[in-house]
Amino acid sequence: MFPSVNEQMGVIKRGVSEIIPEDDLVRKIEKSLKTKTPLNVKLGCDPSRPDLHLGHSVVLRKLRQFQDLGHRAILIVGDFTGMIGDPSGRNKTRPALSLEETRKNGESYFEQATKILSKEKTKMVYNSEWLAKMQFADVIKLASKYTVARMLERDDFTLRYKAGEPISVHEFLYPLAQAMDSVAINADVELGGTDQKFNLLVGRDIQREFGKEPQVILTMPILVGTDGVEKMSKSLDNYIGLSDSPKEMYGRTLSIPDSLIYDYFLLTTNIEKKDLEEIKQQLERNSVNPRDIKRGLARELVAMYHSHDEAVAAEEEFDRVFVKKDMPDVIPIFYPTADDLKNVTSLTAATGSVSSKTEARKKILEGGVYIDGERITDPFSPVPNKDEFILKVGRRKFHRIIRKNQ
RNA sequence: GGGUAGGUAGCGAAGUGGUUAAACGCAUCAGACUGUAAAUCUGACGGCUCCGGCCUUCGGAGGUUCGAAUCCUUCCCUACCCA
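Under our numbering, the first residue of the first sequence is numbered 475, with each subsequent residue one higher.
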């Protein structure tokens, strides 16, 4: 039923940052084999940001591997913590959510996560189920099990504390709440990014306090975003979304810096170990143009989330539009009103490519607006007297303008 | 509770009565170059505009003044020190 311990460990260890403690994981797997009981593998998800991207995929893919090895994946939606939000208002990215919102986001999270996870084998639970039932006395008791010094061990807290940035008391409760999740579902393994290491470790301590066997924690490296510097995140707009269209996904992938190519292959694709090794060699020796390796990565990703055919199509389209500077094959159509046709500025603004006429005028003066391939330099130049033409704004916004003859 | 230092555009950070829509850096956007890589260069960067201008900003609210981000009052917020 289950693969052997060595086989399992081989799969599990690919790409991981840390397994703490590794021996315990081996032991747990041995026990699972002996008793024919799958391990409970936990992953917490944040319902305040339901748009998943490649960064999330790193850890989700690891979870999928556990599923393929026969283990049980449990997604915990942090609806309770999401509902509390951040009262200090310091972190605006964490607004308080209503119960309905967290539910809705949870559903959406599940839907996207199952692009990677097996739908049937994934269990999703909301942590309000047990956290909402706790009394204040329970919370105090829980909090008493951890010390301030230990909380401050956390790098994030230390840095903020030293920098003189505010840390609210309730932030100390987050790791404890997360730990309670592990207690509630009897987690054997908890996955997370390396930035979650502290929280995951707290889970071990609290499980012990509750007389449970501590979970093994497994951390995955943080995927750097397309800017090559920051962690991939939606708010920094350096992400490749799992729901991005083939075109977008392909283009965004090509925009990552060369230094990230290997990590992306390792962390976000399923390519064979030997191919991975070859890529590493090629990159190190510079024997192949990194661009071509990157194109391969982009095709791979589009094929994973869409299809092989769409990957090929996306590449062709990309070459046409950006290499040959030709037109994309699908261009949104815009039917202008008489007012929009007053001049090119009005038209550009009307298409919504820019936020206002002021913006449109700036782009025209900067030389970023083209009509049928001709650069427009005068904001007040008239709209060509044609029934149909192509308006291009910036590098990638195209509109097919069609006049309706009334 | 007492004291100190602060709160300026997406972020960081100057400015401390009068060309100040507010230096500078980062980020972003557009252009050149290119492999939608890196590096570099140029320009834009509060909002709107009939291009003449108009409107809104310097934690909030009042006030002084011809004139305030800058002075006064009050409130809110943050860090640090003392208790």
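Built from N, CA and C at the ideal position, the CB exists for glycine as well.
**Asked** Which two residues bound the contiguous alpha helix (DSSP H) that contains G715?
**Response** Here residue 715 refers to the residue found at position 241 of the first sequence. Premise fails: G715 is in no alpha helix (DSSP H) and is neither H nor E.
**Request:** Use the C-beta contact count for K615: other C-beta atoms within 10 angstroms, 16 or more gives buried, fewer gives exposed.
**Result:** What you label residue 615 is simply residue 141 of the first sequence in a count that begins at 1. Flag for K615 reads exposed.
**Request:** Give the DSSP bridge partners of G518, in chain order.
**Result:** If you number the first sequence from 1, residue 518 lands on position 44. Answer by DSSP bridge pairing, in chain order: I550.
**Request:** Specify whether the stretch 715-730 and the stretch 785-804 touch according to this definition: at least 3 beta carbon pairs, one from each stretch, less than 8 Å apart.
**Result:** Touching, per the Cβ criterion.
**Message:** Bridge partners for Y600 per DSSP, in chain order?
**Reply:** Taking the first residue of the first sequence as position 1, residue 600 is located at position 126. Its beta-bridge partners are V551.
**Selected residue, minimal CA-CA separation from R523, among K487, E581, D497** = If you number the first sequence from 1, residue 523 lands on position 49. Residue E581 is the option with its Cα nearest to R523.
**Item:** Residues of its chain near D553, where Cβ-Cβ distance is below 6 Å and the 5 sequence neighbours each way are ignored
**Value:** Working through the first sequence from its first residue, we reach residue 553 at position 79. If we look at D553 and ignore the five residues flanking it on each side, its Cβ neighbours are P521, T576, Y600, S602.
**Message:** Tell me the rounded alpha-carbon separation between I730 and V795.
**Reply:** Within the first sequence, residue 730 is the residue found at index 256, counting from 1. Within the first sequence, residue 795 is the residue found at index 321, counting from 1. Rounded to whole angstroms, I730 to V795 spans 18 Å at the Cα level.
**Prompt:** Taking the continuous alpha helix (DSSP H) assigned at E840, which residues delimit it?
**Reply:** In the first sequence, residue 840 corresponds to position 366, counting from 1. Neither: E840 is in no alpha helix (DSSP H) and is coded neither H nor E.
**Item:** Three-state secondary structure (DSSP) of K747
**Value:** Looking up residue 747 in the first sequence gives position 273. K747: helix per DSSP, three-state reduction.
**Asked** Excluding sequence positions up to five away, which residues of its chain have a Cβ less than 6 Å from the Cβ of A785?
**Response** Here residue 785 refers to the residue found at position 311 of the first sequence. Result list for A785: R773, V776, A777, in chain order.
**Message:** DSSP three-state label for M694, please.
**Reply:** Position 220 of the first sequence, counted from the first residue, corresponds to residue 694. If DSSP states are grouped into helix, strand and coil, M694 belongs with the strands.
**Asked** Between which two residues does the alpha helix (DSSP H) harbouring L647 extend?
**Response** As a position in the first sequence, residue 647 is number 173, starting the count at 1. According to the DSSP assignment, L647 belongs to the alpha helix (DSSP H) that extends over 643-659.
**Asked** DSSP three-state call for T567: helix, strand or coil?
**Response** The residue labelled residue 567 in the question sits at position 93 within the first sequence. The pLDDT assigned to T567 is 43, lower than 50, so where the model puts this residue is not dependable; a value taken from the coordinates is nonetheless given after this. Here T567 sits in coil by DSSP.
**Asked** Under the three-state reduction of DSSP, which class applies to L710: helix, strand or coil?
**Response** Within the first sequence, the letter at position 236 stands for residue 710. Assigned with DSSP and collapsed to three states, L710 falls in coil, not helix or strand.
**Prompt:** From F672 to A623, what does the alpha carbon distance come to, in whole angstroms?
**Reply:** Looking up residue 672 in the first sequence gives position 198. Looking up residue 623 in the first sequence gives position 149. For F672 and A623, the distance between alpha carbons rounds to 13 Å.
**Prompt:** In its own chain, which residues sit with a C-beta less than 7 Å from the C-beta of N712, not counting the 5 before and 5 after it?
**Reply:** For the purposes of this step, residue 712 is taken as the residue at position 238 of the first sequence. Beyond the five residues adjoining it in sequence on each side, N712 comes within less than 7 Å, by CB distance, of G699, T700, D701, E704, M706 in the same chain, given in chain order.
**Proximity winner among Q652, D498, N480, G556, relative to K516 (alpha-carbon distances)** = Position 42 of the first sequence holds residue 516. Across the set Q652, D498, N480, G556, the C-alpha of Q652 shows the shortest separation from the C-alpha of K516.
**Message:** If the criterion is Cβ atoms closer than 8 Å, does the pair C519 and V551 meet it?
**Reply:** One-based indexing of the first sequence puts residue 519 at position 45. One-based indexing of the first sequence puts residue 551 at position 77. The answer is yes: Cβ separation under 8 Å.
**Separation of F610 from Q539, as counted between CA atoms** = Numbered from its first residue, the first sequence carries residue 539 at position 65. Numbered from its first residue, the first sequence carries residue 610 at position 136. In this structure, the alpha-carbon of Q539 lies about 39 Å from that of F610.
**Request:** Give every residue of the same chain whose Cβ lies closer than 8 Å to the Cβ of D630, excluding the five residues on either side of it in the sequence, and list them in chain order.
**Result:** The sequence position of residue 630 within the first sequence is 156, counting from 1. Here the set comprises D669, F672.
**Message:** Rounded to the nearest angstrom, what separates I473 and R501 at their Cα positions?
**Reply:** Past the edges of the chain, shown from 475 to 880, lies residue 473, and the structure says nothing about it.
**V818 and I850 closer than 8 Å at C-beta** = Walking along the first sequence from the start, residue 818 turns up at place 344. Walking along the first sequence from the start, residue 850 turns up at place 376. At a Cβ-Cβ threshold of 8 Å, V818 and I850 count as neighbours.
**Request:** Please classify F540: does DSSP put it in a helix, a strand, or coil?
**Result:** In the first sequence, residue 540 corresponds to position 66, counting from 1. Here F540 sits in helix by DSSP.
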